[in-house]
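A.B. asks: Got a structure for you, written out below as structure tokens; questions coming shortly.
Protein chains: 2
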Amino acid sequence: MRNTRSEENYLKAIYHISDQGAVKVSTNALATRLMTKASSVTDMIQRLSEKGLVNYMKYQGVRLTPEGERVAIKIIRKHRLWEVFLVEKLNFSWDEVHDVAEQLEHVRSEKLTAELDAYLGFPTHDPHGDPIPDSEGQFKPSQKVVLAEVDPGSVCFCVGVVDSSSKFLRYLDKNGINLGTQLKVLSKETFDDSMTIKTKEKTKVISNLIAKNLYVIIN
Amino acid sequence: MRNTRSEENYLKAIYHISDQGAVKVSTNALATRLMTKASSVTDMIQRLSEKGLVNYMKYQGVRLTPEGERVAIKIIRKHRLWEVFLVEKLNFSWDEVHDVAEQLEHVRSEKLTAELDAYLGFPTHDPHGDPIPDSEGQFKPSQKVVLAEVDPGSVCFCVGVVDSSSKFLRYLDKNGINLGTQLKVLSKETFDDSMTIKTKEKTKVISNLIAKNLYVIIN
DNA sequence: AAAAATATTTAGGCAAGTCTAAAAATATTT
DNA sequence: AAATATTTTTAGACTTGCCTAAATATTTTT
Numbered sequence: 000m001r002n003t004r005s006e007e008n009y010l011k012a013i014y015h016i017s018d019q020g021a022v023k024v025s026t027n028a029l030a031t032r033l034m035t036k037a038s039s040v041t042d043m044i045q046r047l048s049e050k051g052l053v054n055y056m057k058y059q060g061v062r063l064t065p066e067g068e069r070v071a072i073k074i075i076r077k078h079r080l081w082e083v084f085l086v087e088k089l090n091f092s093w094d095e096v097h098d099v100a101e102q103l104e105h106v107r108s109e110k111l112t113a114e115l116d117a118y119l120g121f122p123t124h125d126p127h128g129d130p131i132p133d134s135e136g137q138f139k140p141s142q143k144v145v146l147a148e149v150d151p152g153s154v155c156f157c158v159g160v161v162d163s164s165s166k167f168l169r170y171l172d173k174n175g176i177n178l179g180t181q182l183k184v185l186s187k188e189t190f191d192d193s194m195t196i197k198t199k200e201k202t203k204v205i206s207n208l209i210a211k212n213l214y215v216i217i218n
Numbered sequence: 000m001r002n003t004r005s006e007e008n009y010l011k012a013i014y015h016i017s018d019q020g021a022v023k024v025s026t027n028a029l030a031t032r033l034m035t036k037a038s039s040v041t042d043m044i045q046r047l048s049e050k051g052l053v054n055y056m057k058y059q060g061v062r063l064t065p066e067g068e069r070v071a072i073k074i075i076r077k078h079r080l081w082e083v084f085l086v087e088k089l090n091f092s093w094d095e096v097h098d099v100a101e102q103l104e105h106v107r108s109e110k111l112t113a114e115l116d117a118y119l120g121f122p123t124h125d126p127h128g129d130p131i132p133d134s135e136g137q138f139k140p141s142q143k144v145v146l147a148e149v150d151p152g153s154v155c156f157c158v159g160v161v162d163s164s165s166k167f168l169r170y171l172d173k174n175g176i177n178l179g180t181q182l183k184v185l186s187k188e189t190f191d192d193s194m195t196i197k198t199k200e201k202t203k204v205i206s207n208l209i210a211k212n213l214y215v216i217i218n
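The listed protein sequences derive, respectively, from chains A and B.
Under numbering that gives the first Met the number 0, think of the first position of the first sequence as 0, with each following residue one higher.
Under numbering that gives the first Met the number 0, think of the first position of the second sequence as 0, with each following residue one higher.
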């Protein structure tokens, strides 16, 4: 009753795609996300279906069973706990954690997960503002919102981006906005929804397009 | 130029068997250690040989090349660092660390290893008294000795066993000797090499057979 | 030094997980 | 609703890492 690393990755991917609104997850969506071919996906979902981890009907896409969801949430819990560890204890920055957490999440040990959780003080959210399921699989909703939704007067800090194109990341860099940067929303223009924000260094105006692509957590 | 988990396990096994005195490591020795079949070992050794990680001649056993040794030492370094982490930070006991460290040692990230090392304060020895290679692969000799070799008057603590049969472990348990137990050698009988030792609780006499099967680190 | 025992390798097979190319089903256009 | 495009599945192949059974070397015994 134990899953391979690859099976775990598929379950996690199905969970995440479902989480973004899909009731049934298509073969192609999975292939894209997992950077593999559709035929490989078909192979694997048939295996997962036989194991009772997904509901699958040919050509109709796939959905996690309760058991499959349980497994997926356990992996996500481990992934996010390790991210907290890497950032808080080992000086990893926002963009360095993912690959490593992706490996650590597959380490199998109930005790390890439980002790790590305790060691970190039972965190409820990871460095990206995403919720960490507790040992029962329960979790609070995400704390992150796009900057465009923050009300004037609020102070928040950057935890991620929607559009991760290098063009956008260069823009942010040029404007002194990094992950972790604190900022205060001073005002919002009703005409074009542009915002005036204040960072430690200076005050600047950003367009709504920018504000919609930046995830923040409100303090 | 990147090795699979299985390849890493073979290299580590070859290193450990060599470390116990063997110049050439036999196929069977590897099969026993890795709990696999001799034919599987032959398969793998041939692959490692093609990769330049071992020197191999049919029927003559195998030896690590300098490159193979470098890889093996890196894995051992990671294994032992994780053992320190598990014991010192996550309350793992002596016998619980191995399986988990065995998984963690394969996580690939230079930064992770370096930061973990620093976080733990650059330890030179793991909880079993075995040396931890530094980032250059250099290490001090093992600190552990069998209790039988400890001079009267010395204080030491248990870090492991030679014979890990449950019969022996039960004996230790019954006599209040656990891993981590502090003890002082009071005297040694020249006739049968039995020893009088003192633990926190009481003073007792143990035979040479027992003393030869218990690893300790001298304080 | 031949025979017997043991160790090692080869040959052929299997499961997981991937791929390409082709076939089949579904969705979209016209 | 027929034609076209897209998506999904099947078929067949490859690699890794393991297995069993048989063949071949080496070592030990007599």
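The beta-carbon is built from N, C-alpha and C at its ideal position, and this holds for glycine as well.
All values reported here derive from a predicted model rather than from experimental measurement.
Beta carbons nearer than 8 angstroms to chain B: which residues of the stretch 71 to 101 of chain A have them?
C.D. replies: Answer in chain order: Leu85, Lys88, Leu89, Asn90, Phe91, Glu95, Asp98, Val99.
A.B. asks: Determine the burial state of Met43(B): buried for a count of at least 16 other Cβ atoms within 10 Å of its Cβ, exposed for fewer.
C.D. replies: As a first step, residue 43(B) is located in the second sequence; it is residue number 44 there, counting from the start. Burial call: buried.
A.B. asks: Taking contact to mean at least 3 C-beta pairs separated by less than 8 angstroms, is the stretch 141 to 154 of chain B in contact with the stretch 74 to 88 of chain B?
C.D. replies: Verdict: no, contact absent.
A.B. asks: Counting only runs of 4+ residues fully inside the stretch 152 to 185 of chain A, write out the alpha helix (DSSP H) ranges in chain order.
C.D. replies: With a minimum length of 4 residues, the continuous alpha helix (DSSP H) runs that stay inside the stretch 152 to 185 of chain A are 165 to 173.
A.B. asks: Hey, quick one: how far does the alpha helix (DSSP H) through Tyr14(A) stretch, first residue to last?
C.D. replies: As a first step, residue 14(A) is located in the first sequence; it is residue number 15 there, counting from the start. First-last of the alpha helix (DSSP H) with Tyr14(A): 4 to 18.
A.B. asks: Name the chain A residues that come within less than 7 angstroms of Arg107(B), Cβ to Cβ?
C.D. replies: Indexing the second sequence from 1 puts residue 107(B) at position 108. Near Arg107(B) (Cβ distances below 7 angstroms), the residues of chain A are Gln102.
A.B. asks: Please name the residue in Thr189(B), Val184(B), Val161(B), Thr202(B) whose C-alpha comes closest to that of Gly175(B).
C.D. replies: Stepping through the second sequence from its first residue, residue 175(B) is reached at position 176. Ranking Thr189(B), Val184(B), Val161(B), Thr202(B) by Cα distance to Gly175(B) puts Thr202(B) first.
A.B. asks: Buried or exposed: Thr180(B), going by 16 or more other Cβ atoms within 10 Å of its Cβ?
C.D. replies: Looking up residue 180(B) in the second sequence gives position 181. Under this definition Thr180(B) is a buried residue.
A.B. asks: How far does the alpha helix (DSSP H) with Val22(B) in it extend, from its first residue to its last?
C.D. replies: Position 23 of the second sequence, counted from the first residue, corresponds to residue 22(B). Careful: Val22(B) lies outside any alpha helix (DSSP H) and carries neither H nor E.
A.B. asks: Can you give the beta carbon distance from His263(A) to Glu7(A), rounded, assuming they're within the 8 angstroms contact cut?
C.D. replies: Any property of residue 263(A) remains undetermined from this structure, which presents chain A solely from 0 to 218.
A.B. asks: Which residue's Cα is closest to the Cα of Gly136(A): Ile196(A), Phe91(A), Arg69(A)?
C.D. replies: Taking the first residue of the first sequence as 1, we reach residue 136(A) at position 137. Among Ile196(A), Phe91(A), Arg69(A), the Cα nearest to that of Gly136(A) belongs to Arg69(A).
A.B. asks: Please report whether the beta-carbon of Lys201(A) lies at a distance below 8 angstroms from any beta-carbon of chain B.
C.D. replies: On the first sequence, position 202 is the one that residue 201(A) refers to. Not an interface residue.
A.B. asks: Which one of Met34(B), Ala100(B), Ala21(B) has the shortest CA to CA distance from Gln59(B)?
C.D. replies: As a first step, residue 59(B) is located in the second sequence; it is residue number 60 there, counting from the start. Gln59(B) has its Cα closest to that of Ala21(B), out of Met34(B), Ala100(B), Ala21(B).
A.B. asks: Residues of chain B with a CB under 8 angstroms from the CB of Leu178(A): which are they?
C.D. replies: The sequence position of residue 178(A) within the first sequence is 179, counting from 1. Going along chain B, no residue has its Cβ under 8 angstroms from Leu178(A), so there is no contact; the nearest lies around 17 angstroms.
A.B. asks: Is there a C-beta anywhere in chain B that falls below 8 angstroms from the one on Tyr214(A)?
C.D. replies: Against the first sequence, residue 214(A) aligns to sequence position 215. It does not: the Cβ of Tyr214(A) has no partner Cβ on chain B nearer than 8 angstroms.
A.B. asks: Tell me the rounded alpha-carbon separation between Pro126(A) and Ile196(B).
C.D. replies: Here residue 126(A) refers to the residue found at position 127 when the first sequence is read from its first residue. Here residue 196(B) refers to the residue found at position 197 when the second sequence is read from its first residue. Distance between the alpha carbons of Pro126(A) and Ile196(B): 52 angstroms.
A.B. asks: Would Lys11(A) pass as an interface residue toward chain B - the criterion being a Cβ-Cβ separation below 8 angstroms?
C.D. replies: As a working mapping, residue 11(A) is identified with position 12 in the first sequence. Chain B contact via Cβ: absent.
A.B. asks: Looking only at C-alpha atoms, which of Asp18(A), Asn218(A), Ser193(A), Ile217(A) sits nearest to Ala226(A)?
C.D. replies: This structure does not reach residue 226(A), given that chain A is present from 0 up to 218, and the question cannot be answered.
A.B. asks: Using a Cβ-based criterion (distance less than 7 angstroms to any ligand heavy atom), does Ser163(B) qualify as near the ligand ADP?
C.D. replies: The model on display carries no ligand, and the ligand ADP is accordingly not part of it.
A.B. asks: Quick check: is the beta carbon of Glu114(B) nearer than 8 angstroms to any beta carbon in chain A?
C.D. replies: Here residue 114(B) corresponds to residue number 115 of the second sequence, with the count starting at 1. Glu114(B) counts as touching chain A.
A.B. asks: Is the stretch 140 to 151 of chain A in contact with the stretch 93 to 112 of chain A, if contact means three or more CB pairs nearer than 8 angstroms?
C.D. replies: These segments do not touch.
A.B. asks: Tell me the residue span of the alpha helix (DSSP H) that contains Tyr55(A).
C.D. replies: Residue mapping note: residue 55(A) aligns to position 56 of the first sequence, counting from 1. Here Tyr55(A) belongs to no alpha helix (DSSP H); instead the beta strand (DSSP E) covers 53 to 55.
A.B. asks: Taking Tyr118(B) as the reference, give the member of Ser38(B), Asn207(B), Ser25(B), Trp81(B) with the closest Cα.
C.D. replies: Here residue 118(B) is taken as the residue at index 119 of the second sequence, counted from 1. For Tyr118(B), the nearest C-alpha among the options comes from Trp81(B).
A.B. asks: I'd like to know whether the C-beta atoms of Leu29(A) and Leu63(A) end up nearer to each other than 8 angstroms.
C.D. replies: Along the first sequence, read from residue 1 onward, the residue named residue 29(A) stands at position 30. Along the first sequence, read from residue 1 onward, the residue named residue 63(A) stands at position 64. Against a cut-off of 8 angstroms, the Cβ pair of Leu63(A) and Leu29(A) comes out as no contact.
A.B. asks: In chain A, which residues lie with their C-beta within 8 angstroms of the C-beta of Leu168(B)?
C.D. replies: Residue mapping note: residue 168(B) aligns to position 169 of the second sequence, counting from 1. Chain A residues near Leu168(B): none, gap ~20 angstroms exceeds 8 angstroms.
A.B. asks: Can you find a CB in chain A that lies within less than 8 angstroms of the CB of Leu111(B)?
C.D. replies: Against the second sequence, residue 111(B) aligns to sequence position 112. Yes, contact with chain A.
A.B. asks: Specify the secondary structure class of Lys211(B) as computed by DSSP and reduced to three states.
C.D. replies: Translated into positions along the second sequence, residue 211(B) becomes position 212. DSSP places Lys211(B) in helix when its eight states are reduced to three.
A.B. asks: Tell me, which residues are paired with Asn130(B) by DSSP?
C.D. replies: For the purposes of this step, residue 130(B) is identified with residue 131 of the second sequence, where counting begins at 1. Sequence inspection shows Pro at residue 130(B); the Asn mentioned does not correspond to that position. DSSP, once it has assigned bridges, lists His124(B) as partnering Pro130(B).
A.B. asks: Mind pulling the chain A residues with CB within less than 9 angstroms of Leu118(B)?
C.D. replies: Along the second sequence, one-based indexing puts residue 118(B) at 119. Residue 118(B) is actually Tyr in this sequence, not Leu. Per Cβ cutoff of 9 angstroms: Lys88, Leu89, Asn90.
A.B. asks: Could you tell me which of Ala100(A), Thr189(A), Lys173(A), Val158(A) sits nearest to Ile216(A), measuring between CA atoms?
C.D. replies: Here residue 216(A) corresponds to residue number 217 of the first sequence, with the count starting at 1. The shortest Cα separation from Ile216(A) among Ala100(A), Thr189(A), Lys173(A), Val158(A) belongs to Val158(A).
A.B. asks: Could you check how far apart the C-beta atoms of Val83(B) and Pro122(B) are, in whole angstroms? I think they sit under 8 angstroms.
C.D. replies: Counted from its first residue, the second sequence places residue 83(B) at position 84. Counted from its first residue, the second sequence places residue 122(B) at position 123. Contact holds; Cβ gap of about 5 angstroms.
A.B. asks: Identify which residue in Ser134(A), Ser39(A), Leu178(A), Gln142(A) has its Cα closest to the Cα of Ser92(A).
C.D. replies: Residue 92(A) sits at position 93 when you count from the first residue of the first sequence. Among Ser134(A), Ser39(A), Leu178(A), Gln142(A), the Cα nearest to that of Ser92(A) belongs to Leu178(A).
A.B. asks: Just the Cα atoms here: how many angstroms apart are Arg1(B) and Leu47(B)?
C.D. replies: Your numbering for residue 1(B) matches position 2 in the second sequence. Your numbering for residue 47(B) matches position 48 in the second sequence. Distance between the alpha carbons of Arg1(B) and Leu47(B): 12 angstroms.
A.B. asks: Taking 8 angstroms as the threshold (C-beta atoms), are Ile13(A) and Ala100(A) in contact?
C.D. replies: Along the first sequence, one-based indexing puts residue 100(A) at 101. Along the first sequence, one-based indexing puts residue 13(A) at 14. No, these two residues do not count as a Cβ contact at 8 angstroms.
A.B. asks: DSSP on Val86(B), reduced to helix/strand/coil?
C.D. replies: Translated into the one-based positions of the second sequence, residue 86(B) becomes position 87. Three-state DSSP puts Val86(B) in a helix.
A.B. asks: Considering Cα atoms alone, identify which of Thr31(B), Gln102(B), Asp172(B), Ser165(B) is closest to Thr3(B).
C.D. replies: Working through the second sequence from its first residue, we reach residue 3(B) at position 4. Per the Cα distances, Gln102(B).
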